[in-house]
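Okay, so here's the structure we're looking at.
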Amino acid sequence: MTGSDPQIYATLTNADRVWAIGAIHGEYEKLRNLHAELRTRLQPGDRLIYLGNCIGYGPDPVGTINEIIAFRREFLARPGTFRDDHVLLRGAQEEMLRKLGQLQLAPGPGEALQWMLDHGAAATLESYGINSVDGLGCCREGVVSLTRWSGNITRTLRNLPGHDEYFVALRRAAYTGGGELLFSAAGVNPDRPVSEQGDAFWWGSARFTDIQEPWRGFVRIVRGIDPISREAEMGAVTATLDGGAGAGGTLHAACFTLDGKPLDWIQL
Numbered sequence: 055m056t057g058s059d060p061q062i063y064a065t066l067t068n069a070d071r072v073w074a075i076g077a078i079h080g081e082y083e084k085l086r087n088l089h090a091e092l093r094t095r096l097q098p099g100d101r102l103i104y105l106g107n108c109i110g111y112g113p114d115p116v117g118t119i120n121e122i123i124a125f126r127r128e129f130l131a132r133p134g135t136f137r138d139d140h141v142l143l144r145g146a147q148e149e150m151l152r153k154l155g156q157l158q159l160a161p162g163p164g165e166a167l168q169w170m171l172d173h174g175a176a177a178t179l180e181s182y183g184i185n186s187v188d189g190l191g192c193c194r195e196g197v198v199s200l201t202r203w204s205g206n207i208t209r210t211l212r213n214l215p216g217h218d219e220y221f222v223a224l225r226r227a228a229y230t231g232g233g234e235l236l237f238s239a240a241g242v243n244p245d246r247p248v249s250e251q252g253d254a255f256w257w258g259s260a261r262f263t264d265i266q267e268p269w270r271g272f273v274r275i276v277r278g279i280d281p282i283s284r285e286a287e288m289g290a291v292t293a294t295l296d297g298g299a300g301a302g303g304t305l306h307a308a309c310f311t312l313d314g315k316p317l318d319w320i321q322l
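Numbering-wise, the working numbering comes out as the position in the sequence shown, counting from 1, plus 54.
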């Protein structure tokens with residue numbers, strides 16, 4: 055299929071069942087409890103994918119990343135499990151953190167920073183011990199100050215074990231080897247091929263739920279967040295694993311077989 059660059063897309067080869075975890079938004083305790091439940095349901099050969107937006111909004115984004123890193127080691131230690139059987143996707147929150155590390159390059163950095171702070175990034179920066187108010191001040195002071203502030207984000211990630219590697223491992227989307235299932239943070243724009251989705255993978259498309267029949271060969275398209283309503287949904291072809299985690303809601307995970315059927319569901 056098109057869009058097969060392994061540095062951009064993840065391929066889940068020889069998969070029979072795929073577990074997907076929806077938007078977590080810094081809900082460390084809920085994720086820890088979900089992992090505990092998942093341990094009792096995983097079967098040999100299962101694949102695991104986190105559908106982005108693991109940080110932002112919630113009480114403990116850094117703890118959430120630490121929990122994912124720890125569970126990844128445990129998951130990959132299972133007999134017959136390989137590195138590519140565990141996948142991390144880029145969501146809007148991860149994309150914002152990436153852009154914050156390059157904020158000095160943005161036109162209108164002050165407005166861009168304020169928008170990101172208002173849309174979840176404030177919680178992420180606070181969790182990493184980075185002062186967002188200082189960032190707004192640096193935007194007013196100029197490029198030199200702003201470069202120093204944004205560079206601190208990069209240094210902070212590098213100084214936390216596994217965090218830099220975590221963000222390097224993020225992929226835009228994932229699909230099963232035979233092209234049956236497609237996974238992304240916020241769905242797809244049905245008017246574009248996979249290779250031309252661009253940031254629709256993490257910002258979403260209002261037309262995602264219009265998909266009512268297999269799309270470009272995929273019998274199920276799974277996303278981790280509904281950017282508009284923040285609700286879980288299981289359509290004929292689409293699925294949304296979003297219960298509003300990070301905003302007082304629930305955290306969802308589901309297991310899919312290659313025919314697109316939801317075989318199991320966890321809601322906490």
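For each residue, glycine too, the CB sits at the ideal point set by N, CA and C.
| Check | Outcome |
| --- | --- |
| Would you mind sorting W319 into buried or exposed? The rule is 16 or more other CB atoms within 10 Å of its CB. | exposed |
| Distance check for L154 and L200, CA to CA, integer angstroms please. | 10 Å |
| What is the DSSP secondary structure of S238, reduced to helix, strand or coil? | strand |
| State the CB to CB distance for the pair G231 and A69, rounded to an integer number of angstroms; the pair is presumed to be in contact (CB under 8 Å). | 7 Å |
| So what's A228 in DSSP terms, helix, strand or just coil? | strand |
| Mapping DSSP to helix, strand and coil, what is G297? | strand |
| Between the alpha carbons of P133 and P98, how many angstroms are there, rounded? | 8 Å |
| Taking A307 as the reference, give the member of L66, C108, T67, D59 with the closest Cα. | C108 |
| Between the alpha carbons of L130 and R202, how many angstroms are there, rounded? | 37 Å |
| Apply the 10 Å Cβ neighbour rule to T67 and answer buried if 16 or more other Cβ atoms are within range, or exposed otherwise. | exposed |
| May I have the straight-line CA-CA distance separating H173 from G164, to the nearest angstrom? | 14 Å |
| Which word fits F136, buried or exposed, when buried means at least 16 other C-beta atoms lie within 10 angstroms of its C-beta? | exposed |
| Is it true that the CB of V273 sits closer than 8 Å to the CB of D245? | no |
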